[in-house]
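Trainee: Each protein sequence line maps, in turn, to chains A and B.
All residue numbers for the first sequence refer to the working numbering, where the first residue is 1 and numbers rise by one.
All residue numbers for the second sequence refer to the working numbering, where the first residue is 1001 and numbers rise by one.
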Amino acid sequence: MKAGTNLEKVLEADQFAVTAEIGPPKGGSSKAIETKGEAIRHAADAFNVTDNQTAVVRMSSLAACGILKRMGLDPVMQMLCRDRNRIMLQSDICGAVALGIGNLLCLTGDHVKFGNHPEAKVVFDIDSVQLIAAVKTMREEGKFISGEEVAGPVPMFIGAVENPYADPFEYRTARLSKKVKAGADFIQTQAVYDVPRFAEWMKEICAEGIDRRTHILAGIIPVKAVGMARYMRDYVSGVEIPDAMIKRLEKAKDVREEGIKVILEIIEEVKVIPGVHGIHVQAVGWEEIVPEIIERAGLLPRPAL
Amino acid sequence: MIVTRKKPFEAILKELEDAGSVFLIGCADCATVAETGGEDQIKEMTEKLTAEGKEVTGNVIPETGCHELDVKKEFRAHKEEVGRADAILCMSCGAGCQSARDATEKPVYPANDSIFLGNVMRVGQFEEKCRLCGDCVLDLTGGICPVTRCHKGILNGPCGGTNEGKCEVDPEKDCAWTLIYQQLEREGKLDRMRAIQAPKNWGPVLKPGRHVLERDKGGE
């Protein structure tokens, strides 16, 4: 075991894993985190907390993960390279270890242009691949990027993200391979709507044997309104929503229910794609729906390991 | 060249609110190409300031506004006009402005914002291709700089935000890493894309930079 987190145990036991995202509040309420965590604690193996996603200021992932850990949940701390240089990134990793946080998802991060402080200075001292490699070096060699020794162990299960739909498409496998080579133990993908295209990508991943060196969790974003689907299709790069799905939602009498059905069908199809070891559900601002989706997907109860 | 952009005239008037008389300095080099501090702009600024009731005591357009010795020489040659001015308005880049700063004790104000080191694509069109990071990686990236041309400056790209070769941050711009991929593919060097590039040395030159050629050390 690299970190011994619940997520690592579930994946290493060859169980189909479920992770769920918890969005931190735009403020300092620990209750906001506790309420969301309590509502979905039985429905997933580990819980991602986003790091100022889309460059909008929210409670720090480190603090929110600390709260989840205190509640007995297994947090996945998301960490971006946008706002912190290598000194602060490594400092926060040490802080996370001190709080018992054992899963770390490394991302480069959305540009500040998309957020609520577009005039901020971006950092991007290192990128996600370099962050992954740094955490692995801290864990395996006990060294910081500088080569100096870390005092004590850094048991971190290292995650990364990948967008199966971004181009150049012929390079995406190589880039994922690079992240795995750098040290990514698990991968959470961008939202999957176009299943055949995702399956094609997975086929390449498996052909290169990458699925045996890391755990791939397919990203799932439940859609609760037609407008949300259209917005994601038009404005969120990397998210590809087939027009047929949007038409289906438009025609539906009960959009919420139809949206859940669509997602359940995607989960059903994704589950049987070779090399997929789990799903990562990002119900942004709609976390309470996660238990219903996971239950109707036949993925409850979650394994107790 | 250093690309500059004019500040709004109202902002310049605000800078000059205490100055009844002004001496103008342009630049025959970059600011002329950028059309912010050449002869035409100096003339236009003179007219506009005069219309606002300010006296323009004179102007100078040094060959290169960032050459401090030349700027000092020009200021000495225009001693009388500089002496009558309450303030100096600099119509070059920030470097030119600070040449003027050291050439006189009068208040110095910028008429432009300096925006980047730019390549001239065609007349009046500039693009940033080098950000003077001090640790060139062009040997690894097919001669295309990701530090400058990728909005995130990442060394292990492309990120997930590419869209048909364009960058999600600004769809007007090409994704630098897509260009790098295409070039390295042409060169048969895609292995360079697959290698993990280590964190960059951002401090090879301590900012503010200072560089003295060996032969000039202890100069005459």
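Where is the CB? At the ideal position from N, CA and C, for every residue including glycine.
Nothing here was measured: the structure is a model prediction, and the numbers come from that model.
Among residues of its own chain, excluding the 5 on either side of valine 56 (chain A), which ones have a beta-carbon nearer than 7 Å to its beta-carbon?
Mentor: Once the five neighbours on either side are set aside, the close Cβ partners of valine 56 (chain A) are Gly115, Asn116.
Trainee: Does glycine 1209 (chain B) pass the burial test, meaning 16 or more other C-beta atoms within 10 Å, or should it be called exposed?
Mentor: Per the 10 Å Cβ criterion, exposed.
Trainee: What residues of chain B sit near glycine 238 (chain A), judged by a beta carbon separation below 9 Å?
Mentor: Those within 9 Å of glycine 238 (chain A) in chain B are Gly1160, Gly1161, Thr1162, Asn1163, Glu1168.
Trainee: Below 8 Å, can you find three or more Cβ-Cβ pairs linking the region 1087-1106 of chain B to the region 1054-1074 of chain B?
Mentor: Verdict: yes, contact present.
Trainee: Check whether the Cβ of histidine 1151 (chain B) lies closer than 8 Å to any Cβ atom in chain A.
Mentor: It does: the Cβ of histidine 1151 (chain B) has a partner Cβ on chain A nearer than 8 Å.
Trainee: Is it buried or exposed, serine 91 (chain A), if we count other Cβ atoms within 10 angstroms and call 16 or more buried?
Mentor: Exposed, because fewer than 16 other Cβ atoms sit within 10 Å of the Cβ of serine 91 (chain A).
Trainee: Let me know the beta strand (DSSP E) ranges lying completely inside the region 204-287 of chain A, each 3 residues or longer, listed in chain order.
Mentor: If we require 3 residues or more, the beta strand (DSSP E) runs fully inside the region 204-287 of chain A come out as 215-220, 276-281.
Trainee: Can you give, in chain order, each stretch of the beta strand (DSSP E) that sits fully within the region 166-209 of chain A and has at least 3 residues?
Mentor: For the region 166-209 of chain A, whole beta strand (DSSP E) runs of length 3 or above, ordered along the chain, are 186-191.
Trainee: Which residues, in chain order, does the region 122-148 of chain A contribute to contact with chain B at a C-beta distance below 8 Å?
Mentor: Under the 8 Å Cβ criterion, the region 122-148 of chain A contributes Val122, Phe124, Asp125, Ile126, Asp127, Ser128, Val129, Gln130, Ala133, Ala134, Ile145.
Trainee: Leaving out five residues before and five after glutamate 1081 (chain B) in sequence, what residues of the same chain have Cβ atoms less than 7 Å from its Cβ?
Mentor: Phe1023, Thr1057, Gly1058.
Trainee: Quick one: give me the first and last residue of the alpha helix (DSSP H) that proline 291 (chain A) is part of.
Mentor: Taken as a continuous stretch (DSSP letters only), the alpha helix (DSSP H) holding proline 291 (chain A) covers 290-296.
Trainee: Alpha carbons only, please: which of A:Phe124, A:Val76, A:Lys9 is nearest the one belonging to histidine 277 (chain A)?
Mentor: Here the closest residue by C-alpha is A:Lys9.
Trainee: In three-state terms, what does DSSP make of phenylalanine 124 (chain A)?
Mentor: Residue state, collapsed to three classes: coil.
Trainee: Drop a sphere of 10 angstroms on the beta-carbon of threonine 232 (chain A), count the other beta-carbons inside from all chains shown, and report buried for 16 or more, exposed for fewer.
Mentor: Here residue 232 (chain A) turns out to be methionine, not threonine, going by the sequence shown. Result: buried.
Trainee: Between proline 168 (chain A) and chain B, is there a C-beta pair that is closer than 8 Å?
Mentor: Cβ-Cβ to chain B under 8 Å: yes for proline 168 (chain A).
Trainee: With 16 as the cutoff for other CB atoms within 10 Å, does glutamate 1220 (chain B) come out buried or exposed?
Mentor: With a pLDDT of only 49 at glutamate 1220 (chain B), under the threshold of 50, the placement of this residue in the model should not be trusted; the figure read from the coordinates follows. So glutamate 1220 (chain B) counts as exposed.
Trainee: Quick one, are the C-beta atoms of cysteine 1150 (chain B) and alanine 1176 (chain B) less than 8 Å apart?
Mentor: Taking 8 Å as the Cβ cut-off, cysteine 1150 (chain B) and alanine 1176 (chain B) qualify as a contacting pair.
Trainee: According to DSSP, glutamate 1128 (chain B) sits in a beta bridge with which residue or residues?
Mentor: Answer is B:Gly1118, bridged to glutamate 1128 (chain B).
Trainee: Please report the Cβ distance between aspartate 127 (chain A) and lysine 2 (chain A), rounded to the nearest whole angstrom; I am assuming they are in contact, meaning their Cβ atoms lie under 8 Å.
Mentor: Rounded, the Cβ-Cβ distance is 22 Å, inconsistent with contact.
Trainee: Terminal residues of the continuous alpha helix (DSSP H) containing asparagine 6 (chain A)?
Mentor: It spans 6-12 - the alpha helix (DSSP H) in which asparagine 6 (chain A) sits, taken as one unbroken run.
Trainee: Check the Cβ-Cβ distances between proline 174 (chain A) and every residue of chain B, and say whether any is below 8 Å.
Mentor: The amino acid at residue 174 (chain A) is misidentified as proline; the sequence shows alanine. Interface residue, yes.
Trainee: Compile a chain-ordered list of the residues in the region 39-66 of chain A whose CB is closer than 8 Å to at least one CB of chain B.
Mentor: Under the 8 Å Cβ criterion, the region 39-66 of chain A contributes no residue.
Trainee: Rounded to the nearest angstrom, how far is the Cβ of glutamate 68 (chain A) from that of isoleucine 33 (chain A), given a contact under 8 Å?
Mentor: The sequence given here has leucine at residue 68 (chain A), not glutamate. About 7 Å separates the two Cβ atoms, so the contact holds.
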